[in-house]
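> Okay, so the sequence shown: first residue is 232 according to this note's numbering, each after it adds one. First the structure, then my questions, so here it is.
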Amino acid sequence: MRTDFNLQEMNKDELTALSKRISKALDEYDTRKKAEARAATEALAKELGYSLSDLIASSGSKVSKGAPKYAHPENPEQTWTGRGRKPKWVTAHISSGGELDDLAIAS
């Protein structure tokens, strides 16, 4: 269905209403296409002898947090692996003149 609009002749309220209709239509389109894709995927999985949940559950990769490399000097239960953002206690230690190696866990 195609309707020609002369956007230059529309006022702000009309343009806003049109924008809302377009957003709603796009959302409905996406919902419909996702449902179609899911149905097709489920059919293919079933044809191959699997359920979709079997395939999805087994495909996720497990991310290891890693072993802690650094510990809080006063509270050894607070640890950091050395990956990601530095905890506040690490940045506080470094900004007060300490070294990161001071916090290393002895192996």
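Glycine included, each C-beta is placed from N, C-alpha and C at the ideal position. Small disclaimer: the values here were computed from a predicted structure and weren't measured.
With distance defined between alpha-carbon atoms, name the residue in G297, A268, L286, L246 nearest to T312.
Within the sequence shown, numbered from 1, the residue matching residue 312 stands at position 81. Per the Cα distances, G297.
> Rounded to a whole number of angstroms, what is the C-alpha to C-alpha distance between W320 and A337?
Counting from 1 along the sequence shown, the entry for residue 320 is found at position 89. Counting from 1 along the sequence shown, the entry for residue 337 is found at position 106. Approximately 18 Å, taken between the alpha carbons.
> For K300 and A335, which I take to be in contact (beta-carbon distance under 8 Å), what is that distance rounded to the nearest angstrom?
Position 69 of the sequence shown, counted from the start, is the residue given in the question as residue 300. Position 104 of the sequence shown, counted from the start, is the residue given in the question as residue 335. So it is a contact: roughly 6 Å between Cβ atoms.
> Specify, as a first and last residue, the run of the alpha helix (DSSP H) that S254 falls within.
Residue 254 sits at position 23 when you count from the first residue of the sequence shown. 243-278 is the extent of the alpha helix (DSSP H) around S254.
> Alpha carbon to alpha carbon, how far is K215 from K264?
In this structure the chain extends from 232 to 338, so residue 215 is not present and cannot be described.
> Between the C-alpha atoms of R269 and E245, what's the straight-line distance to the nearest angstrom?
One-based indexing of the sequence shown puts residue 269 at position 38. One-based indexing of the sequence shown puts residue 245 at position 14. Cα-Cα distance, rounded: 36 Å.
> What first and last residue would you give for the alpha helix (DSSP H) that runs through S326?
Taking the first residue of the sequence shown as position 1, residue 326 is located at position 95. Looking at the DSSP string, the run of the alpha helix (DSSP H) that includes S326 is 319-326.
> Please state whether the Cβ-Cβ distance between L346 and F236 is less than 8 Å.
Outside the shown range of the chain, which is 232 to 338, sits residue 346, and nothing can be said about it.
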